[in-house]
Every structure is written in C-alpha cells, then in structure tokens.
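Chemist:
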Amino acid sequence: MPERKRDGAGMDAYDEEPEALGGPAGPAGARRAGGPGTSGEDTGLEGPGPTGTGTEDTGGADAPDPAPRAGLAALSPRYRLVAGGALAVVAAVAAVHLGMVFLSLAPANTVSKRHAKAVEGWVYPEFEQNWKLFAPNPLQQNVAVQVRAQIRGEGGDLRTTGWTDLSAEDGAAIDGNLLPSHTQQNELRRAWDFLGTTHGTDNRPVGVRGALSEQYVRRIVVLRLRRDEDLDRAGTIERVQVRSRTVNVPPPAWSREKVSTSPAYRVLPWWTVTGDETEAGAR
Amino acid sequence: MNRLSQTLAQGLERVTGAALGPYQSAVIRIGFAGTWLLFLLREFPHRQELYGPAGPWSWNLAHQLIADNHAFTVLMWSDSRLWFEVCYLLALLASAALLVGWRTRTAAVLFMVGVLSLQNRSVFMGDGGDNVLHLMSLYLVFTRCGQVWSLDARRAGRAEAARARGERVPGDRVGPVLWALSGAVLVTAAVTGRFGGGWLVPALLWAVWAGLGLWWAAGRWTRSQQPWMLLDVLANVLHNAGLVVIMAEACLIYATAGWYKIQGSRWQDGTAVYYPLHLDYFSPWPALADLMSASGVLMMIVTYGTVMVQVAFPFTLFNRRVKNVLLVLMMAEHAVIAVVLGLPFFSLAMITADAVFLPTAFLLFLGGWASRARGRLIRRGGTRRVPPPRAPEESTAGHVGFRA
C-alpha cells in the first residue's frame, strides 16, 4: 500500500480519500537537480565579472534604447548551444515537476492511477503537499483527547487518577492568543489523527507507523501529565489510558438542522509506561 | 512565419537575458524568510518540545520514520542536545540573512536546510503554513531573489559607484571564506556518510556549491567573458523557471483548495465557514466567532465567496485588473484567518505566496514608502542621513515578466 509519508499536514479535511495519488509518464530518472545555482551579485562570492559588471540588477538601465544584446544573443555560437541545451532541460524539468505535483494533488484519475509509482517517486518526500484546506467538508466535531494514569506512590500504593482533558488545556492556551504555539494547536491534535489513521477500529496498530504513533501519543500524555507538579510528586506513572471524546459542533442557530450533541468516546486500552517515555521533555 | 520567429527570439532573449520579476522575487524572499524567522522566535521557548532530541517525537521515533521516508534533515546527524541547539540557532541566523539579503544565494541554501531539517525532523508538528514554507524554501534556492531590497544589491551598487569614480574596489573576502567553509561541511558530511537516504537535497547542495565556485572563477577569468556570460544566462534561466514554478505552486494551492471544496456538502449549503469558527483548536476569540456567524446570510456569502475566489484565481491571471481585485480579497481573507482561526504563520506564508503576483508599480510604491519611513526614523534617531536607496530603474520594470 502506498503510504503517505507525512500524513497530510492539513489542518482539517476529515473525509479525505484514503489515497489519492497517481502519476504520469516520465521515468523517475528524468529528474534533475536543476543544475548549478549560479547567480549574480547574490552568490556569496563576488565575481566582479570581466566587464566589471556586478550590477545586473540595473538591468541595462542606462543602455541606449535598442535593447542591449543580452542573454543568448550575446553568446558565441558554441556557448549559445550549451545555454540553449540548458534552457531546454530546465524548461522540461520544470514542466515535468509541475505535472507530477498536479497529479499528486488531483483526485485519483486515469493517468495518475497508471503512473502512481512515478508520481510518488518524484513527489516524496520533499514535495509532498496537501491543500484540501477545510475540504471537501470542514471538520464538524470537537475531538478532545483525555488521559488518566495509575500512579505508584512512595509507599507502594497504586492510585488511579481522574480523567484530565488535555485538549481543553490546549483550547484554554489558545483562547485570546494571537500567536498560538504549534505545541498547543498541532501537537496533540495531529498526534491523535496520526494514531487514528494507523489503527483499526479495534484499536490495534497497523504496521510500523501504528506502533510509532502509539509511542508518540504515550510520550505526549506522559509529558503533559508530569507538568502537573502535584501528580508528578505523588509518585511514578506506571500506566496510562487515553480516550477521545467527540462532540458534534451544534448547528448554527439560524439553521433548522438538528444533530446529537451527546459525546462519543473512543477508549484505548491501558498502556504500560516505560522509562523511555518518562524522559520526554525531561531535559 | 517571420513574425513568429521574431516573437520566439524575443521571448528567448527575455528569459535568458534577465532574471525577471526582481521586486516580486525580493518580496517573497523577505516574506518567507520573515515568516520562518518569526515562527522560530515565537517557538524558541518550545523548541525542545517541538524538535529537540528528547521531545515527545523523540530522536528515535524520527529515526525510524526517516529510515522509511528518506526525508532530509541534518538533525538526524546526531542526537546530542548541543547539535540541536546549534542547528536551531543556525536556522534562525539563516532566515535573518535571507531576510536582509546578505549573501543571498548562500543564505537561501542555508534557509532551505534549516526549514527542511526542522520540519522533516518532526513532521507531525506542522500545518499548512509549514507545508508552504517547506516547498518555497526549495524553490527559492533557484531564484536570484537578492537583486533588489538586499544588502547584496546595496554592496554591488556601492562597488559600481566606486568603480565609476575610478576608485579601486577591494576584492571580496567574505564570499570565498563562506564558500570554503560550506565546502568543508559538505565534504565532511559526505565522507562520514551523513547523506543517507534521498539524493535530491544533497545533489542540490553540491550543485549550488559548485555553481558558486564556477561563478567566482569565471569572474576572474580574463581571457574571455564568455564563460561568465554563460553562467549568467544559466542563472537567469534557473531563476525564471523557479519563479514560474513558485507562481504555479500558488495556483495549485488555490485550485486544490477550491475544487475540493466544491464537492463538499457544507460548502454547497453555505454553512462551511461556520464550523471551523467553532472548533476548539481554531477559535481563539469565541465571542468574535459568534458575532461573525450570527448571520446566516453573511456566512453563506463568505462560504460561496471563498470557493469562487479560490477556484477563479488561476484564471484571473490573464486579466490584470480582475487579478488585482482577487489578490486584495485573498490577502484580506488571510489576514482575517490569521486572527480569527489563530493561524498567523499559515496566513503570513499564504499572503507572501500571493505577493508574487503583485504589480511592480505597487511594489515600487511600497518600497519607496518603506525607505522614506526608514529615512525618517533614522533622522529622528539623530544619526546622519543615509542616502536614499537607489532609485528603482524604470527599465527594470520594463523587463518584469508579469508586470501587472
């Protein structure tokens, strides 16, 4: 299965198609780095140029009216051939690149399905993108991630805490904030999305990424729990349990729609916390 | 037939003879570098949690994912805290250097390395804004984005003026030192096998490095100007292609966002905009969101308007007046999104992407206004008056490709 490497950096898009990749013709080998990035005064190496021309930015400002011979025309035939060839290659690479990106963004279609491998090979990992911004439909539910823990006290007693709503904490941190941090807006939200897309409905992890996402969520919740000083002082966290609480956003007052606003829970099994997770954020 | 070949020749001369859109490329350079710089400063207190080796997305987790997706990040070169701090600091400095256009090409490469390294290290921390910066940092490397509004341009202007007065201009020292330094880093990384995985970014790094060396050497080669002129043409070609890709990328973003929305029932029934305003993660100002969504008619207009603008934008590029109206609308919408949905960096990145389509005349006006403001500020500060930046040459505007 062609896995998405980045899992849609999007902020939203909840009824996203599982896989909308494809690719056109164009052997993967046709890809070029685009040639050397030579440049003018901005090179970091000042080449005064034989003509003392350090100033292309004036673009022949004070040249007489008939445009000065520039570009290809100013080159000798041999050099013109090289430049012409380079121009053709650069134009071709740019065109193929845009075609590949287009096919990776478009819904799966005749062309992109046939050439899925080539498109993936070209676009991943550095040109991956997802622009289904609040599309096809915006998310219409508030998903809150909550956690509780079993704590072994100094005396060896085992205590189970109540549920802590970590998303509510994020929400409170975002309220009235002109510059929300990624740690408040993206970290937990996207970690939970990641876990959702790599787990079956039976909460079992799928593939390597499923295991990674579990560890990730575990590290986040342990880090967040340990910020609570009382809890941290009470003892060591032995096990944690995570659940999500999903509530529909109530429809607008001016609409006649009705949706249930009772929460739906997804409860994961208890996880044992290892030493690796408790070091998260412990500098 | 004759006319066709003449047009073709003129076109060839344009794309090989000049790096088009100097002001547009400068404004996106400043915009993207500034967005990333502000982001890094804002997240400075949270840098460990976001990208540090002991953060929740730990070095080990990242290592396992990257072994699979082959993304480029220098943060995988070592799991030490010190290495991370050095990289974060360098990423900050690189964006500052690119912002002011100091050794622009080298700064653009370092900027790209910084963006890719941090974002690929922790892919699950980002959002659409990070995605825009990720792509644009790669594309910016190909452009000559320091032709105007940069320290490089100022230095070149001064050298030119000195030469015109018949003075000897001392040779450049910083450039060769930077080049040698980056060469040493590249060689070390290659020899110690750090460039595992993907070949694209390492190849790009080597290519730019070799290109800069050639450029320098060709500038000293006194027997013929031709090699240097060839490199100049190549640089123009790469710049123009890069700028086209950047503009096309902006169109793809809007087209994708718009066309997928059309398929959504909420965008059809006119309530879509209501929902993000009521998500806990995207509503920093609930009272404001309630106020905005109090009117069903207004919500419907904004919902339909958003889709129309996003779908229409790429096509309006063929008509400068309509395009400019849409640019204003889109920038305004993103400014609102910055505050109302709490997405300042995403919005800033998108506004910057829009700015590549701004008319040259407007950018010149903006530049003049900025330099006057700076002049006033400096005079008030009591320091001596700085000479105004060189007047933007009219002919420059003349060879701007998409002069709007």
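Those sequence lines, one after another, are chains A and B. Sequential numbering from 947 applies to the first sequence in my numbering. Sequential numbering from 156 applies to the second sequence in my numbering. C-beta atoms are modelled at their ideal positions from N, C-alpha and C, and glycine is treated no differently. Small disclaimer: the values here were computed from a predicted structure and weren't measured.
By the criterion of Cβ-Cβ separation under 7 Å, what are the contact partners of glycine 1156(A) in chain B?
Modeler: Mapped onto the first sequence, residue 1156(A) falls at position 210. Result: empty, since nearest Cβ-Cβ is about 12 Å, beyond 7 Å.
Chemist: List the residues of chain B that leucine 1177(A) touches, going by C-beta distances under 7 Å, in chain order.
Modeler: What you label residue 1177(A) is simply residue 231 of the first sequence in a count that begins at 1. Result: empty, since nearest Cβ-Cβ is about 17 Å, beyond 7 Å.
Chemist: Return the CA-CA distance between glutamate 404(B) and glutamate 1100(A), expressed in angstroms with no decimal places.
Modeler: To locate residue 404(B), count along the second sequence from 1; it is residue 249. To locate residue 1100(A), count along the first sequence from 1; it is residue 154. Computed Cα separation, rounded: 58 Å.
Chemist: What residues from chain A crowd round threonine 411(B), counting only those whose CB sits closer than 7 Å?
Modeler: In the second sequence, residue 411(B) corresponds to position 256, counting from 1. Those within 7 Å of threonine 411(B) in chain A are Leu1051, Trp1077, Lys1078.
Chemist: Could you tell me whether any Cβ in chain A is nearer than 8 Å to the Cβ of serine 235(B)?
Modeler: Taking the first residue of the second sequence as 1, we reach residue 235(B) at position 80. Output row for serine 235(B): interface = no.
Chemist: Output the boundary residues of the alpha helix (DSSP H) element that contains arginine 169(B).
Modeler: Locating residue 169(B) in the second sequence gives position 14, counting from the first residue. Where arginine 169(B) is concerned, the enclosing alpha helix (DSSP H) stretches over 157-172.
Chemist: If distances are taken between C-alpha atoms only, which option among Val268(B), Gly283(B), Trp304(B), Val491(B) comes closest to serine 292(B)?
Modeler: The residue labelled residue 292(B) in the question sits at position 137 within the second sequence. Minimum Cα distance to serine 292(B) is reached at Val268(B).
Chemist: Quick one: Cα of proline 1126(A) to Cα of alanine 516(B), how far?
Modeler: Counted from its first residue, the first sequence places residue 1126(A) at position 180. Counted from its first residue, the second sequence places residue 516(B) at position 361. Taking the straight line joining both Cα atoms gives about 35 Å.
Chemist: Kindly indicate which three-state DSSP category valine 1154(A) falls into: helix, strand or coil?
Modeler: Working through the first sequence from its first residue, we reach residue 1154(A) at position 208. Correct three-state label for valine 1154(A): helix.
Chemist: In this structure, how does DSSP classify tryptophan 1217(A) when only helix, strand and coil are distinguished?
Modeler: Position 271 of the first sequence, counting from 1, holds the residue named residue 1217(A). In this structure, tryptophan 1217(A) counts as strand in the three-state DSSP scheme.
Chemist: Threshold first: 4 residues or longer. Then list the alpha helix (DSSP H) segments lying entirely within the stretch 1089-1121 of chain A, N to C.
Modeler: Those alpha helix (DSSP H) runs which fall completely within the stretch 1089-1121 of chain A and span 4+ residues are 1112-1120.
Chemist: Could you pull the DSSP bridge partners for alanine 1210(A) from this structure?
Modeler: Position 264 of the first sequence, counting from 1, holds the residue named residue 1210(A). Beta-bridge pairing links alanine 1210(A) to Thr1192(A).
Chemist: So, for phenylalanine 562(B): in the same chain, excluding its five sequence neighbours on each side, which residues have a beta-carbon less than 6 Å away from its beta-carbon?
Modeler: This structure cannot settle anything about residue 562(B), because the visible part of chain B is limited to 156 through 559.
Chemist: Let me know if glycine 968(A) comes out buried or exposed under the rule of 16 or more other beta-carbons within 10 Å of its beta-carbon.
Modeler: Residue mapping note: residue 968(A) aligns to position 22 of the first sequence, counting from 1. Because glycine 968(A) sits at a pLDDT of 32, beneath the cut-off of 50, its placement in the model cannot be relied upon, and the following sentence gives the value as read from the coordinates. Looking at its Cβ environment, which holds 16 or more other Cβ atoms inside 10 Å, glycine 968(A) is buried.
Chemist: Between isoleucine 560(B) and valine 278(B), what straight-line distance do the alpha-carbon atoms span, to the nearest angstrom?
Modeler: Missing from the structure shown is residue 560(B); chain B here goes from 156 to 559 and no further.
Chemist: In the stretch 480-495 of chain B, which residues sit with their C-beta less than 8 Å from some C-beta in chain A, listed in chain order?
Modeler: Listed by position, the residues of the stretch 480-495 of chain B near chain A (Cβ gap below 8 Å) are Val494.
Chemist: Check each residue of the stretch 163-191 of chain B: if its Cβ is closer than 7 Å to any Cβ of chain A, include it; give the result in chain order.
Modeler: Hits within the stretch, in order: Leu167, Glu168, Thr171, Gly172, Ala173, Pro177.
Chemist: Taking aspartate 1148(A) as the query, report the chain B residues whose CB atoms sit under 8 Å from its CB, ordered along the chain.
Modeler: Mapped onto the first sequence, residue 1148(A) falls at position 202. Near aspartate 1148(A) there are no residues of chain B at all, since even the closest Cβ is about 23 Å away, more than 8 Å.
Chemist: Below 8 Å CB to CB, which residues in the same chain sit around tyrosine 294(B) once its five sequence neighbours on both sides are set aside?
Modeler: As a first step, residue 294(B) must be located in the second sequence, where it is residue number 139. Here the set comprises Gly397, Val400, Ile401, Glu404.
Chemist: Would you say glycine 975(A) faces chain B, with C-beta separation under 8 Å as the test?
Modeler: Locating residue 975(A) in the first sequence gives position 29, where the first residue counts as 1. At glycine 975(A), the pLDDT of 31 sits below 50, so the modelled position is not reliable and the matter cannot be decided from this model.
Chemist: Counting Cβ pairs closer than 8 Å, one from the stretch 201-214 of chain B and one from the stretch 1152-1169 of chain A, do we hit at least three?
Modeler: Yes, the stretch 201-214 of chain B is in contact with the stretch 1152-1169 of chain A.
Chemist: Does the beta-carbon distance from leucine 167(B) to glycine 1017(A) come in below 8 Å?
Modeler: Taking the first residue of the second sequence as position 1, residue 167(B) is located at position 12. Taking the first residue of the first sequence as position 1, residue 1017(A) is located at position 71. It is a contact, given that the beta carbons lie within the stated cut-off.
Chemist: Quick check on the burial criterion: 16 or more other C-beta atoms within 10 angstroms. Buried or exposed for leucine 175(B)?
Modeler: On the second sequence, position 20 is the one that residue 175(B) refers to. Result: buried.
Chemist: I need the straight-line Cα distance from leucine 355(B) to glycine 1045(A), nearest angstrom please.
Modeler: Within the second sequence, the letter at position 200 stands for residue 355(B). Within the first sequence, the letter at position 99 stands for residue 1045(A). Straight-line Cα distance between these residues: approximately 18 Å.
Chemist: Is the stretch 1081-1096 of chain A touching the stretch 1183-1196 of chain A, taking contact as three or more C-beta pairs under 8 Å?
Modeler: Touching, per the Cβ criterion.
Chemist: Can you pull out the residues from the stretch 207-233 of chain B whose beta carbon lies closer than 9 Å to at least one beta carbon of chain A?
Modeler: Listed by position along the chain: Gly207, Ala209, Gly210, Pro211, Trp212, Ser213, Asn215, Leu216, Gln219, Leu220, Ile221, Asp223, Asn224, His225, Ala226, Phe227.
Chemist: Are leucine 265(B) and alanine 249(B) close, meaning C-beta to C-beta below 8 Å?
Modeler: Residue numbering aside, residue 265(B) sits at position 110 when the second sequence is read from its first letter. Residue numbering aside, residue 249(B) sits at position 94 when the second sequence is read from its first letter. Closer than 8 Å, so yes.
Chemist: DSSP state of threonine 259(B), grouped into three classes?
Modeler: Locating residue 259(B) in the second sequence gives position 104, counting from the first residue. DSSP places threonine 259(B) in helix when its eight states are reduced to three.
Chemist: With a floor of 4 residues, list each alpha helix (DSSP H) that falls wholly inside the stretch 295-325 of chain B, ordered by position along the chain.
Modeler: With a minimum length of 4 residues, the continuous alpha helix (DSSP H) runs that stay inside the stretch 295-325 of chain B are 306-319.
Chemist: By the DSSP assignment, the alpha helix (DSSP H) with leucine 518(B) in it spans what residues?
Modeler: What you label residue 518(B) is simply residue 363 of the second sequence in a count that begins at 1. Counting along the chain, the alpha helix (DSSP H) containing leucine 518(B) begins and ends at 515-535.
Chemist: Between the stretch 482-496 of chain B and the stretch 454-467 of chain B, do at least 3 Cβ pairs fall closer than 8 Å?
Modeler: Result yes; three or more Cβ-Cβ pairs closer than 8 Å.
Chemist: Tell me the residue span of the alpha helix (DSSP H) that contains glycine 353(B).
Modeler: On the second sequence, residue 353(B) is found 198 positions in, with the first residue counted as 1. Glycine 353(B) -> no alpha helix (DSSP H), and no H or E assigned at all.
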